[in-house]
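Taking the numbering used here, the leading residue of the sequence shown gets 3, the next gets one more, and so forth. Just so you know, even glycine gets a beta-carbon here, dropped at the ideal spot from N, CA and C.
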Amino acid sequence: MTQYMQDPALWALIAGTPLAATAIIRGKRSARSLRQGNQELKDHYAELENQYSASVKKAQEQAEEATRTALKSAMRTLQGLAAEQQLAISKLQSKYGESVILQDLLEIDHMNSQFGRRAQSIAVLCEGWLGRQRDVASVYDVVRSAQ
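In structure tokens, the structure reads:
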């Protein structure tokens, strides 16, 4: 055993073992610290990504609502114009009912009706109101129809 006590390799091993153990423990601590920091960064970036997605979704919804509102407003205007034209055409049809112009008026009437329906369809797609579909009925007519 004495021969080994004089061997410098043995003394280097004895002195180096605590140093190696200390280095390993420090390495594990720093690796654990780095893993924890890495996980915190991943969590932070996931939160940022969720916030970004929510912001984009909100902006899209606002843009869609603004578009819907603009289209609805434009279609209301067009529906009003179509109704005015329809009244003017109906008056002309009554006035020139026996004339050659009647056929032309009927074609114009048909095109104007299509125009009004298309404007109404777009308004409905934009969550607009259809508007009144029939003439106003008197209470007497409503009660008589209910009987």
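When the Cα atoms are used, what is the spatial distance from residue i to residue j?
i: E2; j: A84; result: The structure shown does not extend to residue 2, since the chain spans only 3 to 149, so no value can be given for it.
i: H112; j: I103; result: 14 Å
i: D9; j: L43; result: 51 Å
i: I16; j: A22; result: 10 Å
i: R70; j: I124; result: 10 Å
i: T24; j: A56; result: 48 Å
i: E86; j: V145; result: 31 Å
i: I91; j: I110; result: 8 Å
i: L127; j: Q62; result: 18 Å
i: D45; j: R34; result: 17 Å
i: E66; j: T79; result: 20 Å
i: S101; j: K74; result: 39 Å
i: Y98; j: A76; result: 33 Å
i: A14; j: K30; result: 24 Å
i: S96; j: L89; result: 11 Å
i: T19; j: Y47; result: 42 Å
i: L167; j: S32; result: Here the chain comprises residues numbered 3 to 149, so residue 167 is not present and cannot be evaluated.
For residue i, is the classification buried or exposed, using 16 other Cβ atoms within 10 angstroms of its Cβ as the cut-off for buried?
i: N52; result: exposed
i: K40; result: With the sequence shown as reference, residue 40 is identified as Asn, and Lys is not the correct amino acid for it. Label assigned to N40: exposed.
i: Q64; result: exposed
i: G118; result: buried
Taking residue i and residue j to be in contact with their CB atoms under 8 Å, please state how far apart those CB atoms are, rounded to whole angstroms.
i: L94; j: L108; result: In fact, because the Cβ distance is near 10 Å, the residues do not count as touching under 8 Å.
i: Q81; j: Q122; result: 6 Å
Since residue i is in the alpha helix (DSSP H), which residue starts that stretch and which ends it?
i: V102; result: No alpha helix (DSSP H) holds V102; DSSP gives it neither H nor E.
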